[in-house]
Each structure stands twice: as structure tokens, then as C-alpha cells.
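At position 6 of the sequence shown the residue is numbered 11 (the working numbering), and the sequence of numbers has no breaks.
Note that beta-carbon positions come from the ideal geometry of N, C-alpha and C, so glycine has one too.
Worksheet: the structure to be examined is printed underneath.
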Amino acid sequence: MRHRLSSPARLQQAPKGRYLILPPGYEGNVPDGGYFVARARTNFVV
6 MRHRLSSPAR
16 LQQAPKGRYL
26 ILPPGYEGNV
36 PDGGYFVARA
46 RTNFVV
């Protein structure tokens, strides 16, 4: 399942769970199940 985290307001409304934030250009394997996967556009993630 992918969830877009584009603003602090959206983050507050995001479903609870474990998030996996991948770096830009990551092309490796992503674990199945149990994670909300988000792909960062930059290397600076807060």
C-alpha cells in the first residue's frame, strides 16, 4: 500500500502504522506487507 506524505496536515490524517521512507532513486526490493511505503523526492526528510 502506498501513501503520499506531502504535508504536515496530511501526516496527521495518515493511517497509523509503520512507514518505510525510501530514498530518491531506490530500485531495490521493498518488503511486502506491514509497511506504508513512501518515496522521498529529496535526501532531506523530516
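Open item on the list: Check for me: the beta strand (DSSP E) holding Tyr24 runs from which residue to which?
Closed with: As a position in the sequence shown, residue 24 is number 19, starting the count at 1. Start and end: 23-27.
Task: Same chain, Cβ closer than 7 angstroms to Asn48, five either side skipped, listed in chain order - done: As a position in the sequence shown, residue 48 is number 43, starting the count at 1. Answer for Asn48: Pro28, Pro29, listed in chain order.
TODO: State the beta-bridge partners of Ala43 as determined by DSSP.
DONE: The count along the sequence shown starts at 1 and reaches residue 43 at position 38. Paired residue(s): Ile26.
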